[in-house]
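If you read the sequences in order, they're chains A and B. Per my numbering, residue 29 is the first one in the first sequence, and the count goes up by one each step. Per my numbering, residue 29 is the first one in the second sequence, and the count goes up by one each step. Ideal Cβ placement from N, Cα and C applies to all residues, glycine included. Here's the structure, in structure tokens; my notes come after.
Protein chains: 2
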Amino acid sequence: MIQQLGLIGCGLMGGSLALALKRAGLVQRVVGFSPSERTRQTAVELGVVDAAVTSAAQAAQGSDVIVIAVPVAATQPSFEAIRDVITPHTLVMDVGSTKQDVILAAQVLGERLPCFVPAHPIAGKEVAGVVHAEASLYAGKKVILTPTEATNPALCEKAQAIWQAVGSQVSTMSAARHDAVFAAVSHLPHVIAFAAVNALAAQPQADALLNMAGPGFRDFSRIAASDPAVWRDILLANRDEVLAQAKFFQAQMALLQTAIEQGDAQALSQLIESARQTRGPWRMNQQQD
Amino acid sequence: MIQQLGLIGCGLMGGSLALALKRAGLVQRVVGFSPSERTRQTAVELGVVDAAVTSAAQAAQGSDVIVIAVPVAATQPSFEAIRDVITPHTLVMDVGSTKQDVILAAQVLGERLPCFVPAHPIAGKEVAGVVHAEASLYAGKKVILTPTEATNPALCEKAQAIWQAVGSQVSTMSAARHDAVFAAVSHLPHVIAFAAVNALAAQPQADALLNMAGPGFRDFSRIAASDPAVWRDILLANRDEVLAQAKFFQAQMALLQTAIEQGDAQALSQLIESARQTRGPWRMNQQQD
């Protein structure tokens with residue numbers, strides 16, 4: 029049971045975790061900080077937080093679990109703001125999509141660095157803000173923890189228990205491995221989807237093109253509607269891995285384009301068959317998504 | 029009311045149209061041809077066709093509406109097989125994803141060319157075969173007709189009425205325009221999805237990568253599980269337009285990659301914001317998909 033959850037950032041991700049913990053009866057009180065007065069009001073009105081405060085330090089004060097769920101640029105200031113308030117037994121988590129950068133930012137915690145358990149829940153929506161928070165956001169979803177050598181193992185176990193309690197499947201890996209994996213399966217796919225949508229938008233009669241797009245395009249391009257500030261930060265934080273993955277992708281695009289150009293039906297069939305053999309069975313293993 | 033529907037090819041697309049017309053009470057009898065005995069048996073067992081025959085000519089004989097729903101390679105032989113059986117009042121349609129190539133193939137109809145109304149229903153699944161046919165496949169979906177100067181206008185109107193009767197939204201455009209539009213919104217996105225999935229599969233620990241992929245990747249890559257023979261034919265039939273669209277896409281990829289490489293946060297934000305402004309509102313206009 030969490031006595032007090034300190035929520036630093038009352039958006040979709042943090043708000044959904046607060047609602048999930050409340051629904052599970054696992055938290056007595058949620059204190060939330062947002063720099064926006066309107067967000068604070070909405071968070072209280074929606075029952076996401078029990079009290080809204082006007083600084084990160086106030087949200088951290090007296091909290092046994094703190095979740096930092098803010099834009100990347102606000103992460104290091106958040107660590108600085110809570111550093112002198114937390115105890116050695118306080119669990120501090122984030123919910124960011126890149127992990128090496130947040131571990132670097134967390135160094136400002138100094139002797140409280142062991143409190144920090146880097147966390148990445150693989151969940152989200154193409155809409156932001158506390159009004160879209162929902163208790164079921166993390167149910168059945170994966171959560172990756174990337175503890176470092178400095179991390180307190182007892183707090184890492186506590187983090188794991190919390191995410192499992194809201195229905196998530198928890199696994200751990202190194203931050204470097206995490207960032208490489210998610211460059212491949214998430215960050216580069218976003219870049220590709222942005223480019224594909226921009227390629228349509230840049231053409232004359234873009235509206236007429238989009239008007240003819242069907243369900244395939246709808247699903248393929250869904251992630252292109254993601255939040256620009258969030259994705260700018262992710263792509264810059266994980267630049268090297270994203271660019272390395274782009275090279276793998278471009279090599280495969282070149283094979284397909286060459287087969288099409290040369291009218292090489294056999295090579296083209298094999299390339300498409302390879303994609304189907306990879307993607308077809310994967311779909312069936314992931315029905316919890 | 030259709031007296032007899034001749035189905036040449038009893039797969040997902042043709043089978044679904046037969047079921048939809050039956051459910052709407054718009055067809056008295058469906059006669060289906062498949063070269064596969066097993067498919068013929070299944071089509072009869074599932075009630076997709078009332079009778080299964082062993083040649084395209086038999087399916088066409090006595091039918092007032094004929095739907096050719098076969099792999100591209102079998103299209104021209106199908107036209108040849110029915111040419112001497114149909115009357116000037118017979119409506120012949122296809123359901124293919126490219127239109128200029130099928131119009132070329134239809135030239136073998138000779139003096140029956142006016143019977144042919146090229147049709148492309150924007151619907152499908154990543155599974156093939158008559159067992160996946162369903163009456164609702166075309167409900168709420170777009171259907172594009174691309175009549176030529178040779179097409180009998182009365183039969184074009186009849187085609188339109190049939191698709192509207194199964195719940196589709198019908199529009200017409202030139203075959204050239206159609207092929208350019210669908211290169212942009214469908215064919216190139218498939219190529220991109222094939223390449224993205226193959227790029228993962230080509231890496232060491234591909235399974236570990238895929239195991240971490242979430243809902244964003246699931247939707248983005250869904251079309252990569254499409255049928256290889258179908259997509260090989262589409263991409264080769266529409267080669268020039270697909271390669272032209274690939275150039276637009278690569279130009280946008282280059283802008284994004286450069287912004288990431290150079291750490292240009294402002295340029296990156298603008299590129300992502302552009303994608304969101306295009307894709308975000310589109311989604312809401314397409315809820316019927």
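Are the C-beta of B/A227 and some C-beta of chain A separated by less than 9 angstroms?
yes
Would you please state the rounded distance, in angstroms, between the beta carbons of A/I114 and A/C143? I believe it to be under 8 angstroms.
6 angstroms
What residue ranges within the segment 170-234 of chain A form continuous alpha helix (DSSP H) runs of no fewer than 4 residues, ordered along the chain?
181-193, 203-210 and 216-229
Should A/G60 and A/I36 be called a contact, given that it needs their Cβ atoms to be closer than 9 angstroms?
Yes, Cβ-Cβ distance for A/G60 and A/I36 is below 9 angstroms.
As assigned by DSSP and simplified to three states, the class of A/I114:
coil
Residues that DSSP places opposite B/H160 in a beta bridge
Looking at the DSSP assignment, B/H160 forms no beta bridge with any residue, so it has no partner.
Please confirm whether B/R111 and B/V81 have their CB atoms less than 9 angstroms apart.
no
Going by C-alpha distance, which of B/E289, B/H218 and B/A257 is nearest B/Q273?
B/H218
For A/V130, decide whether its Cβ has a neighbour in chain E, counting only Cβ atoms nearer than 9 angstroms.
Of the protein chains in this structure, namely A and B, none is chain E.
Residues from the segment 197-227 of chain B in contact with chain A, defined by Cβ distance under 8 angstroms
V209, F210, A212, V213, S214, L216, P217, H218, V219, I220, A221, F222, A223, A224, V225, N226 and A227
Note down, in chain order, every chain B residue with its Cβ under 8 angstroms from the Cβ of A/K170.
M240 and G242
Cutoff 7 angstroms; reference B/L54; Cβ partners in own chain excluding five residues on either side:
M29, I30 and A193
Where does A/N313 fall in DSSP's three states?
Bear in mind that the predicted position of A/N313 carries a pLDDT of just 46, short of 50, making it unreliable; the figure below should be weighed with that in mind. Three-state DSSP puts A/N313 in a helix.
CB contact below 9 angstroms: B/Q188 versus chain A
no
Taking the beta carbon of B/Q315 as the centre, do at least 16 other beta carbons fall within 10 Å, making it buried, or is it exposed?
Residue confidence is low: B/Q315 scores 39 on pLDDT, short of 50, so the model does not pin down where it sits. No coordinate-derived value is stated.
First through last residue of the beta strand (DSSP E) which encompasses B/G34
I30 to I36
What residue ranges within the segment 30-94 of chain A form continuous beta strand (DSSP E) runs of no fewer than 3 residues, ordered along the chain?
30-36, 55-61 and 79-81, all fully within the segment 30-94 of chain A.
Drop a sphere of 10 angstroms on the beta-carbon of B/P146, count the other beta-carbons inside from all chains shown, and report buried for 16 or more, exposed for fewer.
buried
Inter-stretch contact (C-beta, 8 angstroms, three-pair minimum) for the segment 177-186 of chain A and the segment 217-233 of chain A
no
Close Cβ partners of A/S249 (< 7 angstroms) along its chain, the five nearest in sequence each way excluded
So the list reads A221, A224 and V225, once near-sequence residues are dropped.
What separation, rounded to the nearest whole angstrom, lies between the Cα atoms of B/P116 and B/R140?
6 angstroms
Nearest CA to the CA of A/G34: which residue from A/Q69, A/L263, A/D78 and A/V158?
A/D78
Would a check of beta-carbon distances place A/V270 closer than 9 angstroms to chain B?
Yes, its Cβ sits closer than 9 angstroms to a Cβ of chain B.
Determine the closest residue to A/F277 out of A/V76, A/A211 and A/A48, with distance taken between C-alpha atoms.
The closest CA to that of A/F277, considering only A/V76, A/A211 and A/A48, is found on A/A211.
Inter-residue spacing [alpha-carbon to alpha-carbon] between B/R304 and A/L271:
22 angstroms
When you compare the CB of A/L40 with every CB in chain B, is at least one pair closer than 9 angstroms?
no
Name the chain B residues whose beta carbon is nearer than 9 angstroms to that of A/D121?
Checking the sequence shown, residue 121 of chain A turns out to be Met, not Asp. Here the premise fails: no neighbours, minimum Cβ distance about 19 angstroms.
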